[in-house]
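Peer 1: Please see the structure below; I have some questions.
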Amino acid sequence: MLGTQPCEARTPQVPHTGTSPPAPRELRAVGGQGRAVAAGGGRRSGAAPEPLGGAPRAGAALPRISPASYRAWPGRTELGKPGRAGPCCLRAAGGESRPSPKELEELELLNRALEKALRVRKSISKTPLEAQVALAEKPTGEGSAFENASEQQVPVSGRDVPVSREARAVSKKPASMKKPSPYQLRAPYRTDPDVKKTQRRAPARCVSQGPRTAGKSSSKGAVSRQGKSHRPASSASDQGVCAATELQNAPGSSKSALKEQQSSIRDSSGEGNLVAAGRQLIDAGKKSCGSHGESSRKENPTAEGGSTSPRTVTIQQQGCQLKLPHPYRKAYSRNCRAWERSRLCQTSADAAAARKRFTERIQTTFCSPMPALSPVEIEEELKVLQDIPSLLSQYVEAEPADHPTLQREYESLLTLEGLQSTVSQCLRKLQLLQAAVESQKRLHPDCTGDVGSCCPACVPARGRACGGAGTLAVPLLWYSSFQELRDLFALKLQVSMLHQEIALQKLTMTELLPVLESEACPEASAAQLYRAIYTQLCEGGKRFPVLVRDELAD
Amino acid sequence: MVRKGPGSAAGRAGAMPGGRALPGAVGALCRAMPPRARLVPEGLRRAKLDRPQATLDFWRLLYALLKQIHGGKWSEADAIDTQIRFVKLALWYQGYGRPELYRLPSDGSAGSRELLLAFSWLLHRISLLEQLLARNRVRTGDETSVCMCEDDLSQSEQGTTEIAPEYGPEDRVDVRYLQWLNGRLRFQWRSLHAQHQEQCKLLHKIHLLTSGSHVDQILGHFSVTEMDLIRQTENYKQLVQLLERETMQLEAFLEWKQLEPVYWQWMETVLDNMAEEGNMCKPQDAHIEKSSLPKVTSCCPWADSLTGQINKLSRDLMALRDQLHELVTHRKSAWEEKPAERRRLISLQRQFPAGPCEPVLLRVRGLGKEATSEMLELGDEAKSLGAHVKDDREGSPRALVVPSNEAVKCQIKIGWEINVTKTHLKGKS
């Protein structure tokens with residue numbers, strides 16, 4: 001009997017206090033345990049049911065619970081635990097339905113600290129921004145109004161935000177027992193409805209530029225810096241605001257709208273092909289859009305920019321009104337015109353004839369059995385031939401073994417025969433090149449010094465020689481969308497990487513394979529060696545095979 | 001008509017036509033040269049007269065120009081014999097074949113006329129001026145190259161940033177070190193990729209948001225440099241100066257293009273002079289260090305590397321050739337087994353490329369008179385396209401009239417050998 005009671009009493013689901021008399025010792029023991037547990041639970045951030053069990057009956061436990069749980073609140077709430085224990089604790093702690101002012105204060109402090117952290121983070125990214133804005137405006141000679149306005153780029157609507165946030169914070173505090181600071185943080189990101197309203201209030205699209213209203217868009221992720229209220233100013237500037245306003249809608253715009261804008265860029269770009277091996281990157285889309293600074297184009301980057309949008313928006317706000325300094329502009333246009341004229345300039349007939357005469361005459365004085373190809377020409381021919389074997393093999397592989405119709409079979413046969421003749425042509429050409437190399441070698445100016453020093457100078461580095469010899473035209477590379485530009489960069493990098501991989505692969509093959517053959521390593525590590533070399537050579541160093549030792553049990 | 005213009009180089013070499021224009025041409029040429037490799041008109045004139053004092057300057061000039069062409073690094077402090085060696089190699093590389101040049105002494109004491117000739121040859125041969133202008137172009141825009149040429153790692157002059165650990169023949173390098181290096185390399189590539197993407201994004205932003213602001217309407221937007229220029233104008237004064245200088249260079253180039261013929265004529269007079277003096281010069285040069293013995297074959301790494309490449313390519317191609325040979329023989333024998341008439345038909349079909357054409361008349365010659373209509377079956381489609389058999393008077397099929405190539409491509413089953421002659425039908429069939 002007695003034995004059972006403690007058992008019963010020990011079960012946590014037995015909270016009733018009525019079990020006291022029959023086994024006070026045991027219960028006390030239980031209570032003690034419970035207390036111990038409660039204390040432990042209080043200290044632990046996770047509140048276990050045990051304290052509940054112990055709480056109602058152990059008045060002694062109570063004081064331990066409430067301060068402990070109180071202190072643990074931020075921690076517990078930070079963990080995002082809905083705090084089952086919370087309300088229960090509260091109730092247990094005396095049924096307080098409202099948090100004490102002290103608690104409110106502490107929560108307020110916590111929220112402020114988090115805000116500040118957010119602010120600091122944003123301000124770091126913003127200070128160069130503001131400086132740039134200030135500088136950018138100097139050359140354009142904008143009045144101070146702009147400067148003020150631009151400074152307030154955030155607080156324009158930022159004022160709304162903290163206010164509402166404050167309000168929310170306060171009002172939500174009781175409820176925030178459940179929903180802690182993460183919820184608080186969410187408020188500024190929610191782009192308050194009233195802020196959105198101010199944005200939409202001035203959807204006017206006009207040519208004049210209003211940099212300050214752009215600040216509203218940044219409110220999405222931004223926090224007010226000074227909390228100055230410039231709402232009247234901002235609403236005044238709402239009129240006559242340019243496309244910039246539309247910018248603000250961008251962050252709030254849905255993905256579909258964004259896509260629509262993006263595609264509009266692409267459509268308007270017309271020919272968005274990559275024209276030629278390029279030197280300069282140009283945006284084709286702007287051709288059609290002219291200089292009116294259409295909003296759609298501007299909206300894109302802010303939407304795309306994501307977290308960097310607050311920073312670039314203010315510069316780019318004035319993007320369409322930025323002007324290059326006058327001396328540069330003059331020099332640039334003169335330079336441009338000179339290049340154009342040079343490009344169009346052609347060698348006159350007289351000059352061409354005169355050149356020809358001179359060159360022929362001087363070539364008669366060259367060494368008499370002059371090889372047909374100069375070294376540079378030999379190299380160029382070889383470069384062309386480099387890819388031929390692999391290309392031809394691909395064609396050969398592409399020919400199927402079976403053909404549905406006789407017609408196809410015949411055509412396949414003809415293709416193969418054509419490939420055969422191409423191969424023999426290439427082989428003949430290679431022989432010619434070899435002969436040319438030999439003859440050029442004979443003419444090679446002797447290096448009086450040692451061979452070693454000769455080597456680097458021997459073959460002058462090609463540099464960018466392959467770009468096209470002496471053409472004065474500068475091909476423009478047009479791209480029509482951001483994706484294209486990204487792909488260009490990514491693919492170029494990938495090509496270089498692959499070139500390097502090929503070279504490394506060749507090198508590792510020549511270096512590592514002999515090691516395997518030399519068999520100079522102890523048996524135990526041989527397996528690892530094989531594995532490592534296999535991975536390096538066959539899997540590109542990415543995947544490691546699993547080696548299984550197959551031991552036959554005797 | 002002889003006109004002696006001021007400062008004309010006619011002088012001793014005799015009068016030449018266009019004496020007035022020559023200084024203009026030479027002056028323009030000199031001004032069109034890049035700034036780091038300047039040439040003075042006086043130097044050219046002295047070189048024509050083969051003055052030894054002009055030699056060193058000319059070597060240096062050629063050195064600077066050729067280094068710029070080949071994209072290498074150089075400085076004016078390089079030793080003269082290094083410079084001379086390089087110039088000779090570069091000229092050989094471009095295919096310059098005057099032995100006199102290669103015999104010039106390595107201390108730069110003589111030979112300015114030879115150098116003048118070489119310089120003019122280069123001017124024409126590799127469009128020296130144009131190349132220099134293009135390479136030294138002031139870059140104000142965002143540029144990228146889409147050249148897919150592989151950088152030849154084996155010939156790279158740059159040293160490795162990380163020195164491989166020294167180890168002697170006894171030491172072993174753990175293969176895990178290789179793996180680690182490989183991992184590091186891959187990581188570097190990935191971070192490079194991320195940075196490129198970031199750069200790309202910012203670039204795009206600038207382009208997009210500054211559209212419409214540029215002076216140049218075609219470009220329309222700013223580049224990164226120009227963006228920075230706006231922010232920090234004082235840093236870019238030099239850029240403006242460079243642009244102006246380049247503009248002057250281009251204008252000189254245009255002038256040169258106008259006056260070119262005069263220069264080339266002048267160069268021919270140089271050749272004339274040399275031809276006159278020719279026989280006297282050669283024996284003198286014979287004693288110069290350069291011997292005419294056949295070169296030691298081991299001395300040319302260039303030839304060796306090229307030979308290596310050629311051999312490798314030949315090997316691959318020969319393997320391919322054997323493979324193809326086998327394949328083709330196999331296929332051919334399979335083809336020969338097919339019925340002859342089908343084969344003929346198909347080769348017949350190939351003679352007629354697709355497309356509109358005139359109606360053709362195929363003469364069908366059967367084996368004597370046994371050819372009957374049944375042997376000449378026309379598919380429905382062919383019939384629908386107008387193919388029909390024209391019988392001769394005795395009713396034996398003698399002609400297959402095919403109004404268009406399309407019909408030929410249709411299934412025409414022909415039971416006999418066909419001698420095909422294409423005869424254009426006059427008028428309708």
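Same order as they appear, the protein sequences are chains A and B.
Residue numbers for the first sequence follow UniProt numbering, beginning at 1 and rising by one.
Residue numbers for the second sequence follow UniProt numbering, beginning at 1 and rising by one.
Cβ atoms here follow ideal geometry from the backbone N, Cα and C, with glycine treated the same way.
(1) Tell me whether the beta-carbon of V376/A lies closer than 7 Å to the beta-carbon of Y102/B.
(2) Could you give the DSSP three-state label for W335/B: helix, strand or coil?
(3) Grab me the residues of I126/B's own chain with a C-beta within less than 8 Å of its C-beta, minus the 5 sequence neighbours each way, in chain order.
(4) Start and end of the alpha helix (DSSP H) containing E180/B?
(5) With a threshold of 7 Å on Cβ separation, who are the neighbours of P34/B within its own chain once the five nearest residues in sequence on each side are excluded?
(6) Counting pairs of Cβ atoms below 8 Å between the segment 37 to 50 of chain B and the segment 72 to 79 of chain B, do you hit three or more?
(7) Using a C-beta cutoff of 7 Å, does R20/B count as contacting chain A?
(8) Could you work out which residues of chain A lie near G24/B, taking near to mean beta carbons separated by less than 8 Å?
(9) With distances taken between CB atoms, is the gap from T55/B to P325/A smaller than 7 Å?
(10) What span of residues does the alpha helix (DSSP H) with W478/A cover, start to end?
(11) For a quick check, are the C-beta atoms of F489/A and C200/B less than 7 Å apart?
(12) Are the Cβ atoms of S342/A and L472/A separated by less than 7 Å?
(13) DSSP three-state label for T535/A, please.
(14) Relative to the alpha-carbon of F482/A, which residue among Q179/B, G97/B, A37/B, L208/B has its alpha-carbon at the smallest distance?
(15) Buried or exposed: M227/B, going by 16 or more other Cβ atoms within 10 Å of its Cβ?
(16) Taking only the alpha-carbon atoms, compute the straight-line gap between L22/B and Y263/B and give it to the nearest angstrom.
(17) Under 7 Å, Cβ to Cβ, is there at least one residue of chain A near N273/B?
(18) Can you look up E268/B in the DSSP assignment and give me helix, strand or coil?
(19) Looking only at its own chain, which residues have a Cβ that is under 7 Å from the Cβ of L181/B, when we skip the five neighbours before and after it?
(20) Are at least three pairs of beta-carbons, each pair with one atom in the segment 243 to 250 of chain B and one in the segment 352 to 363 of chain A, less than 8 Å apart?
(21) Ends of the alpha helix (DSSP H) at Y328/A?
(22) Which residues, taken in chain order from the segment 410 to 441 of chain A, show a beta carbon closer than 9 Å to some beta carbon of chain B?
(23) Could you tell me whether the Cβ of L493/A comes closer than 7 Å to any Cβ of chain B?
(24) Three or more C-beta pairs under 8 Å: does that hold for the segment 437 to 444 of chain A against the segment 331 to 343 of chain B?
(25) Sorry if obvious, but does the Cβ on L133/B come closer than 6 Å to a heavy atom of the ligand FAD?
(26) Determine the DSSP secondary structure at W302/B, reduced to helix, strand or coil.
(27) What do you reckon, are the CB atoms on L433/A and Q309/B nearer than 7 Å?
(28) I think W256/B touches A37/B, with their Cβ atoms under 8 Å apart; what is that distance to the nearest whole Å?
(29) Classify F366/A as helix, strand or coil using the three-state DSSP reduction.
(30) Quick check: what's the CA-CA separation for P261/B versus A351/A?
(31) Hey, is Y63/B's beta-carbon within less than 7 Å of any beta-carbon in chain A?
(32) Please identify the residue among M318/B, M274/B, E114/B, G183/B whose C-alpha is closest to the C-alpha of R428/A.
(33) Output needed in chain order: residues of the segment 241 to 264 of chain B with a Cβ under 7 Å from some Cβ in chain A.
(34) Hey, out of V224/B, L89/B, V328/B, whose CA is closest to R139/B's CA?
(35) Give the residues of chain A in contact with W335/B, contact being defined as C-beta atoms less than 8 Å apart.
Peer 2: From the atom records:
(1) Along the first sequence, one-based indexing puts residue 376/A at 376. Along the second sequence, one-based indexing puts residue 102/B at 102. In terms of Cβ geometry, V376/A and Y102/B do not form a close pair [threshold 7 Å].
(2) Indexing the second sequence from 1 puts residue 335/B at position 335. Here W335/B carries a helix assignment [DSSP, helix/strand/coil].
(3) Indexing the second sequence from 1 puts residue 126/B at position 126. Excluding sequence positions up to five before and after I126/B, its CB lies within less than 8 Å of the CB of I69, Q94, all in the same chain and listed in chain order.
(4) Locating residue 180/B in the second sequence gives position 180, counting from the first residue. First, the residue type needs correcting, since residue 180/B is Trp and not Glu in the sequence shown. Element bounds for W180/B: 175 to 209.
(5) To locate residue 34/B, count along the second sequence from 1; it is residue 34. Closer than 7 Å at the Cβ level, and outside the excluded window around P34/B, lie Q68, L132, N136.
(6) Not touching, per the Cβ criterion.
(7) Translated into the one-based positions of the second sequence, residue 20/B becomes position 20. Judged by the 7 Å Cβ criterion, R20/B is not in contact with chain A.
(8) Translated into positions along the second sequence, residue 24/B becomes position 24. Chain A residues near G24/B: none, gap ~14 Å exceeds 8 Å.
(9) By one-based count along the second sequence, residue 55/B stands at place 55. By one-based count along the first sequence, residue 325/A stands at place 325. In this structure, P325/A does not lie closer than 7 Å to T55/B by Cβ.
(10) Residue 478/A sits at position 478 when you count from the first residue of the first sequence. W478/A -> not in any alpha helix (DSSP H); beta strand (DSSP E) instead, spanning 476 to 479.
(11) Position 489 of the first sequence, counted from the start, is the residue given in the question as residue 489/A. Position 200 of the second sequence, counted from the start, is the residue given in the question as residue 200/B. Cβ atoms of F489/A and C200/B: closer than 7 Å.
(12) Within the first sequence, numbered from 1, the residue matching residue 342/A stands at position 342. Within the first sequence, numbered from 1, the residue matching residue 472/A stands at position 472. Yes, they are a contact pair.
(13) Residue numbering aside, residue 535/A sits at position 535 when the first sequence is read from its first letter. Note: T535/A maps to helix in three-state DSSP.
(14) Along the first sequence, one-based indexing puts residue 482/A at 482. Closest option to F482/A, Cα to Cα, is L208/B.
(15) Your numbering for residue 227/B matches position 227 in the second sequence. Classified as buried, M227/B has 16 or more neighbouring CB atoms from the shown chains inside 10 Å of its CB.
(16) One-based indexing of the second sequence puts residue 22/B at position 22. One-based indexing of the second sequence puts residue 263/B at position 263. Approximately 6 Å, taken between the alpha carbons.
(17) The residue given as residue 273/B occupies position 273 in the second sequence. No, its Cβ sits nowhere closer than 7 Å to a Cβ of chain A.
(18) Against the second sequence, residue 268/B aligns to sequence position 268. Looking at E268/B - three-state DSSP - the assignment turns out to be helix.
(19) Within the second sequence, numbered from 1, the residue matching residue 181/B stands at position 181. Nothing meets the Cβ criterion.
(20) Under the Cβ criterion (8 Å, minimum of three pairs), the segment 243 to 250 of chain B does not count as touching the segment 352 to 363 of chain A.
(21) Locating residue 328/A in the first sequence gives position 328, counting from the first residue. Where Y328/A is concerned, the enclosing alpha helix (DSSP H) stretches over 326 to 344.
(22) If the cut-off is 9 Å between Cβ atoms, the segment 410 to 441 of chain A has Y410, E411, S412, L413, L414, L416, E417, L419, Q420, V423, S424, C426, L427, L430, Q431, L433, Q434, V437, E438, Q440, K441 near chain B.
(23) As a position in the first sequence, residue 493/A is number 493, starting the count at 1. For L493/A, the answer is yes, since a Cβ of chain B falls inside 7 Å of its Cβ.
(24) No contact exists between the segment 437 to 444 of chain A and the segment 331 to 343 of chain B.
(25) As far as ligands go, the structure on display features none, and thus does not contain the ligand FAD.
(26) Along the second sequence, read from residue 1 onward, the residue named residue 302/B stands at position 302. Note: W302/B maps to helix in three-state DSSP.
(27) Counting from 1 along the first sequence, the entry for residue 433/A is found at position 433. Counting from 1 along the second sequence, the entry for residue 309/B is found at position 309. Not in contact: L433/A and Q309/B (Cβ atoms no closer than 7 Å).
(28) As a working note, residue 256/B is residue 256 in the second sequence. As a working note, residue 37/B is residue 37 in the second sequence. Contact doesn't hold; Cβ gap of about 15 Å is too wide.
(29) The count along the first sequence starts at 1 and reaches residue 366/A at position 366. Residue state, collapsed to three classes: coil.
(30) Numbered from its first residue, the second sequence carries residue 261/B at position 261. Numbered from its first residue, the first sequence carries residue 351/A at position 351. Going from the Cα of P261/B to the Cα of A351/A covers about 4 Å.
(31) Along the second sequence, read from residue 1 onward, the residue named residue 63/B stands at position 63. Chain A has no Cβ within less than 7 Å of the Cβ of Y63/B.
(32) The sequence position of residue 428/A within the first sequence is 428, counting from 1. Of the listed residues, the one whose Cα sits closest to R428/A is M318/B.
(33) Only L243, E244, E246, T247, L250, E251, F253, L254, K257, E260, P261, W264 from the segment 241 to 264 of chain B bring a Cβ to less than 7 Å from some Cβ of chain A.
(34) Position 139 of the second sequence, counted from the start, is the residue given in the question as residue 139/B. Sorting V224/B, L89/B, V328/B by C-alpha distance to the C-alpha of R139/B places V224/B at the top.
(35) By 1-based counting over the second sequence, the position of residue 335/B is 335. Per Cβ cutoff of 8 Å: E409, Y410, L413.
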